[in-house]
Amino acid sequence: MNDLLNVSASPHVRSKDTTQTIMRDVALALVPASIAGVINFGCKALVIILVTIATCVLTEYIYEKGMHKTITTYDYSALVTGLLLALNLPSSVPLWIPIIGGVFAILIVKQLYGGLGQNFMNPALAARCFLLISFTGRMTTFTFDGVSGPTPLALLKNGEETASVTSMFLGNIPGTIGETSALAILLGAAYLLIRKVITLRIPLTYIGSFMVFLVLFGGNGFDGTFLLKHLFGGGLLLGAFFMATDYVTSPITPIGQIIFGILLGILTGIFRIFGGSAEGVSYAIIFCNLLVPLIEKITVPTPFGKERAKHE
């Protein structure tokens, strides 16, 4: 009888959403950014996307098969990890880099900690940070129209002339495969919002707090062009809508999500303005992922009828 009945306490919330449908929606939402990346960087970008996805899916299948675990490749989570990792890579990297990154994301960050729902940081971003530390030169070499050069954010940090706001919005700039077109990212974000996969709580507090930080400490005051270039340049939009909102590695409470977003904005501002690198989104999200248990500990409400534990 115990095998037939699953009795749990109320309230009982029913939803048609599953891991598979949510991951499918995220993958579909990333299609515009992927298309923009292929248009911007050519077939090499498409090859990197396909190789990274294949590596992640195969790594998950081989590990689960070898460990006699339930095969979860059909829930699309490995596909989304591979796609996100690929979109965070330059189009100029050799193919062995996305292969190493895909194995690291799935095997080290996800599976060795128990699989989907048990990882303590975003697998795709963890893999990107690992690759940045291990292969800095290759991961920071950006090619656009056959010419290698710095990203608009790097030029902006050095006080040099950068691409126009329009070019940065449309994506006609060097950068990683999926971060260059703000328009494509926002189209995908709109799809996630319409499908109610994400809410605006984390993205808005993240972007808003980052903008406030720039006004206070960026050295340009309330300069609209400066703020827009920081908004459209680098991985801010991609990180805010697609990685900071990851269900597993972000807080579940509304207050916790606001705190999470504010911390992300402040850390990104510190990394971009005072750090040695022009970017900082990946490290900010990874660091804040580690703070999520603490954030939830102080923001989860006390159940009705119980007193909060007193600490002497």
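Each residue of the sequence shown is one higher than the last, beginning at 15 in the numbering used here. Each residue gets a CB set at the ideal place from its N, CA and C atoms; glycine is no exception.
Is the separation between the beta-carbon of residue i and that of residue j shorter than 8 Å?
i, j, result
"G238", "E293", "no"
"T194", "G185", "yes"
"F246", "F183", "yes"
"T86", "G129", "yes"
"S105", "I191", "yes"
"T219", "G270", "no"
"T263", "V306", "yes"
"L103", "I53", "no"
"L251", "A168", "no"
"G283", "F227", "yes"
"S296", "C143", "yes"
"V123", "M135", "yes"
"A41", "L97", "yes"
"G189", "F156", "yes"
"G253", "I299", "yes"
"Y75", "L121", "no"
"G173", "L145", "no"
"N111", "F158", "Note that residue 111 corresponds to Ile in the displayed sequence, not to Asn. Result no, Cβ atoms of I111 and F158 do not sit closer than 8 Å."
Apply the 10 Å Cβ neighbour rule to residue i and answer buried if 16 or more other Cβ atoms are within range, or exposed otherwise.
i, result
"N16", "Low local confidence applies: a pLDDT of 48 at N16 is under 50, so the model's placement there is unreliable, with the coordinate-based value given in what follows. N16 should be labelled exposed."
"A198", "buried"
"M81", "exposed"
"Q125", "buried"
"N303", "buried"
"G151", "exposed"
"G51", "buried"
"P46", "buried"
"L109", "exposed"
"N133", "buried"
"P217", "buried"
Could you give the DSSP three-state label for residue i: helix, strand or coil?
i, result
"T194", "coil"
"E326", "A caution first: E326 carries a pLDDT of 48, below 50, which makes its placement in the model unreliable, though a value can still be read off. Reduced to three states, the DSSP call for E326 is coil."
"P104", "strand"
"G289", "coil"
"F236", "coil"
"I266", "coil"
"N133", "coil"
"H244", "helix"
"V314", "coil"
"K79", "helix"
"G56", "coil"
"D89", "helix"
"L44", "coil"
"Y297", "helix"
"A203", "helix"
"I212", "coil"
"G249", "coil"
Looking only at its own chain, which residues have a Cβ that is under 8 Å from the Cβ of residue i, when we skip the five neighbours before and after it?
i, result
"E326", "Confidence in E326 is poor, its pLDDT being 48 and thus under 50, which makes the residue's placement too unreliable to answer from."
"M37", "D89, Y90, S91, L93, V94"
"I273", "P265, I309, T313"
"V179", "T239, L242, K243, F246"
"R215", "P268, Q271, I272, G275"
"L101", "L44, A47, S48, G51, I63, T190, I191, G192, E193, L252"
Leaving out the 5 sequence neighbours to the left and right, which residues in its chain are closer than 7 Å to residue i when beta-carbon positions are compared?
i, result
"I287", "F231, G232"
"S223", "G275, I276, G279, I280"
"S119", "Per the sequence shown, residue 119 should be read as Ala rather than Ser. C70, T95, L99, P137, A138, A140, A141."
"S181", "I187"
"P166", "T176, A177, M182, I187, K243, G247"
If I measure Cβ to Cβ from residue i and keep anything under 6 Å in the same chain, skipping five residues before and after, which residues do I get?
i, result
"A203", "F255"
"V229", "F236"
"I113", "T69"
"L206", "A43, I212"
"I221", "A254"
For the ligand GDP, is there any heavy atom lying closer than 7 Å to the beta carbon of residue i?
i, result
"V107", "No copy of the ligand GDP appears in this structure; indeed no ligand is present at all."
Alpha helix (DSSP H) runs wholly inside the segment 139 to 197, at least 4 long, in chain order: Segments of the alpha helix (DSSP H) lying fully in the segment 139 to 197: 150 to 153, 166 to 171, 179 to 184.
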